[in-house]
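Student:
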Amino acid sequence: MTDIVILLLLLLAVAVVTDLRSNKIPNLLIVVGLVIGMATTNHIVESISVSLFIILVFFPTFKIGALGAGDIKCIAMMSFYMTRHELLWALFYTFLIAAVYSVGKIVYYHSFQIRKSKVRLAIFLFVGTLISVGGTYL
Numbered sequence: 157m158t159d160i161v162i163l164l165l166l167l168l169a170v171a172v173v174t175d176l177r178s179n180k181i182p183n184l185l186i187v188v189g190l191v192i193g194m195a196t197t198n199h200i201v202e203s204i205s206v207s208l209f210i211i212l213v214f215f216p217t218f219k220i221g222a223l224g225a226g227d228i229k230c231i232a233m234m235s236f237y238m239t240r241h242e243l244l245w246a247l248f249y250t251f252l253i254a255a256v257y258s259v260g261k262i263v264y265y266h267s268f269q270i271r272k273s274k275v276r277l278a279i280f281l282f283v284g285t286l287i288s289v290g291g292t293y294l
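Numbering (the working numbering), first residue to last: 157 to 294.
#1: What whole-angstrom Cβ distance do residue 237 and residue 164 have, given they're in contact under 8 Å?
#2: Can you find the residues in the same chain that come closer than 7 Å, C-beta to C-beta, to residue 276, ignoring five residues on each side of it along the sequence?
#3: Count the other C-beta atoms from every protein chain shown that fall within 10 angstroms of the C-beta of residue 227, then say buried if there are 16 or more, exposed otherwise.
#4: Assuming contact is defined by CB atoms lying nearer than 7 Å, are residue 171 and residue 254 in contact in what I supplied?
#5: Taking contact to mean at least 3 C-beta pairs separated by less than 8 Å, is the region 188-201 in contact with the region 234-251?
#6: Output the boundary residues of the alpha helix (DSSP H) element that contains residue 174.
#7: Please state the DSSP three-state secondary structure of residue 220.
#8: Take residue 232 and list the residues in its own chain whose beta-carbon comes closer than 6 Å to its own, dropping the five residues that flank it on each side.
#9: Identify which residue in 219, 283, 197, 240 has its Cα closest to the Cα of residue 249.
#10: Which two residues bound the contiguous alpha helix (DSSP H) that contains residue 181?
#11: What are the boundary residues of the alpha helix (DSSP H) that residue 240 is part of?
#12: Keeping to the same chain, check which residues put their C-beta closer than 6 Å to that of residue 217; ignore five residues upstream and five downstream.
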């Protein structure tokens with residue numbers, strides 16, 4: 157794996173730990189990730205446009221409470237470390253794994269009442285990204 161991918165995975169791992177501990181992804185982590193991403197990317201214009209597109213597309217999911225603001229900002233940050241194609245695959249795996257987990261949780265508890273419980277997306281972003289870039293760099 158390249159150094160930039162390892163850095164992204166490290167940032168996502170910190171996001172997972174802080175999300176699990178405090179139910180939040182710190183803005184400082186996002187800002188540091190964005191600054192480093194902007195300084196190291198070879199496709200700055202594409203990254204900025206993809207990042208803004210992500211915020212625009214996922215904003216309604218934040219408004220209805222399906223995703224947290226930190227999750228959306230984390231996805232936007234990822235666009236500076238990955239190409240558009242890599243990011244789409246990472247998001248595909250992220251949401252696929254999160255959906256399987258959520259359905260499994262519903263089946264296990266035999267109830268739809270748990271749907272009101274929060275699913276922390278940071279861990280799924282980490283795993284989805286790891287699967288996505290792992291296939292690229294193996």
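All residues carry an ideal CB built from backbone N, CA and C; glycine is no exception.
For clarity, every value in this text was computed on a predicted model and none was experimentally measured.
Tutor: The answer reads as follows:
#1: That pair is a contact at about 4 Å.
#2: Hits under 7 Å: 175, 176.
#3: That one is buried.
#4: Not closer than 7 Å, so no.
#5: The region 188-201 vs the region 234-251: in contact.
#6: Segment 159-178, the alpha helix (DSSP H) holding residue 174.
#7: In the structure shown, the three-state DSSP call for residue 220 is coil.
#8: If we look at residue 232 and ignore the five residues flanking it on each side, its Cβ neighbours are 207, 210, 211.
#9: 283 is the residue among 219, 283, 197, 240 whose C-alpha sits nearest the C-alpha of residue 249.
#10: Taken as a continuous stretch (DSSP letters only), residue 181 belongs to no alpha helix (DSSP H), as it is neither H nor E.
#11: For residue 240, the enclosing alpha helix (DSSP H) stretches over residues 240-265.
#12: Around residue 217: 223.
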